[in-house]
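K.L.:
The following block contains the structure, expressed as structure tokens.
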Amino acid sequence: MKKLIAFKIFLTSFNLFSSITKEQSIILTSYTYPGSLYWEKVIEMGEDKILYVIINPSSGPGEIRDENYVKQIEKIKKSNIKIIAYIPTNYQKRSINTVYKDIEKYFEFYGKENLNGFFFDEIGVENKNEVEYLKELNNHVKNISNDYLVVSNPGRQITDEIAPHSDIFVTSEISGEEYINKFSKPKSKFENDSNNYKHIYHIIYDVKPKDYKRVLKLSRERNAGWIMITDAKLPNPYDKMPSNFSKLVDIILKKW
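Here it is in structure tokens:
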């Protein structure tokens, strides 16, 4: 999963959600290039509904600055929406120093002052080396600025060992059919602790619009404080907004 847009619903700084009342926010995936009608709609919605967008110029920062992203970032900043930068890790097989260089490239190309965090894709959760890699990576980002948000995407359930090393984990990225009929209960104490909903994010694609409410109800029962639901299908379910998006947002705005 390459690009995301995070929509603020009831969010304050990195407290993420109130610890008293459960609420759910959207992190909307997007493959849409700057300058599109899609981005115009995002900017129009503004900071009252959108807290973060996640940019991905070229499966990471690329090797040169993209002037279209420069212009898009200017528009995003004017709307007071915060910006998260995408970086792949290839399941922690990329040299961590190479990942650090990607962080520096983002700063060089698009301005350190314009970024508010990083989205690390393709995260392994099984072995000690994968855990240590993410721990080191998370610490590196927090040493740059503790205000930077770290979002990590294993696309699957995580372990208690890796849980402390990211602000938000994508713990499910599957189809609607699988989410409804084949979802397996998480084994970690972290995911089963209802207080951790603000750190858990589920992405469900190929969902029939008539099943939106059903999937949303299941996601709340499964402790996901962050949600993405779309009716688009593989191989690229993230290149457009979901059908009936405005209505879907209204449903998600409701408290648990």
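First residue of the sequence shown: 209, per the working numbering; consecutive thereafter.
For each residue, glycine too, the CB sits at the ideal point set by N, CA and C.
(1) Let me confirm a value: residue 228 is counted as buried when at least 16 other C-beta atoms fall within 10 Å, else exposed. Which label applies?
(2) Since residue 442 is in the beta strand (DSSP E), which residue starts that stretch and which ends it?
(3) Would you report the Cα separation of residue 240 and residue 269, rounded to the nearest angstrom?
(4) Considering only C-alpha positions, which residue in the set 449, 455, 458, 372 is nearest to residue 246?
(5) Using 10 angstroms around the beta-carbon of residue 372, count the other beta-carbons present and answer buried if the total reaches 16, otherwise exposed.
(6) Can residue 468 and residue 423 be called in contact, C-beta distance under 9 Å?
(7) Which residue wins for smallest C-alpha separation from residue 338, given the options 374, 352, 389, 325?
(8) Which residues mark the beginning and the end of the alpha helix (DSSP H) in which residue 384 is found?
(9) For the alpha helix (DSSP H) containing residue 414, list its first residue and its last residue.
(10) Residues in the same chain with beta-carbon distance under 7 Å from residue 402, minus the five sequence neighbours each way, listed in chain order, please.
(11) Note down the Cα distance separating residue 413 from residue 429, rounded to an integer number of angstroms.
(12) Once DSSP output is grouped into helix, strand and coil, what is the label at residue 450?
P.N.:
Taking the definition as stated:
(1) As a first step, residue 228 is located in the sequence shown; it is residue number 20 there, counting from the start. Note on residue 228: pLDDT 47, under 50, position unreliable in the model; the coordinate value appears next. Exposed, because fewer than 16 other Cβ atoms sit within 10 Å of the Cβ of residue 228.
(2) Here residue 442 corresponds to residue number 234 of the sequence shown, with the count starting at 1. Segment: none, residue 442 is in no beta strand (DSSP E) and carries neither H nor E.
(3) Working through the sequence shown from its first residue, we reach residue 240 at position 32. Working through the sequence shown from its first residue, we reach residue 269 at position 61. Rounded to the nearest angstrom, the two C-alpha atoms are 16 Å apart.
(4) In the sequence shown, counting from the first residue as 1, residue 246 sits at position 38. When only C-alpha atoms are compared, the closest one is 449.
(5) The residue given as residue 372 occupies position 164 in the sequence shown. So residue 372 ends up on the exposed side.
(6) Lying outside 209 to 464, the shown extent of the chain, residue 468 is not represented and no answer is given.
(7) Against the sequence shown, residue 338 aligns to sequence position 130. Nearest of 374, 352, 389, 325 to residue 338, Cα basis: 374.
(8) In the sequence shown, residue 384 corresponds to position 176, counting from 1. Segment 384-389, the alpha helix (DSSP H) holding residue 384.
(9) Stepping through the sequence shown from its first residue, residue 414 is reached at position 206. Counting along the chain, residue 414 falls outside any alpha helix (DSSP H), and DSSP gives it neither H nor E.
(10) Start at 1 with the first residue of the sequence shown, and residue 402 comes out as number 194. Answer for residue 402: 431, listed in chain order.
(11) In the sequence shown, counting from the first residue as 1, residue 413 sits at position 205. In the sequence shown, counting from the first residue as 1, residue 429 sits at position 221. One C-alpha to the other measures close to 18 Å.
(12) Residue numbering aside, residue 450 sits at position 242 when the sequence shown is read from its first letter. Of the three classes helix, strand and coil, the one that applies to residue 450 here is coil, per DSSP.
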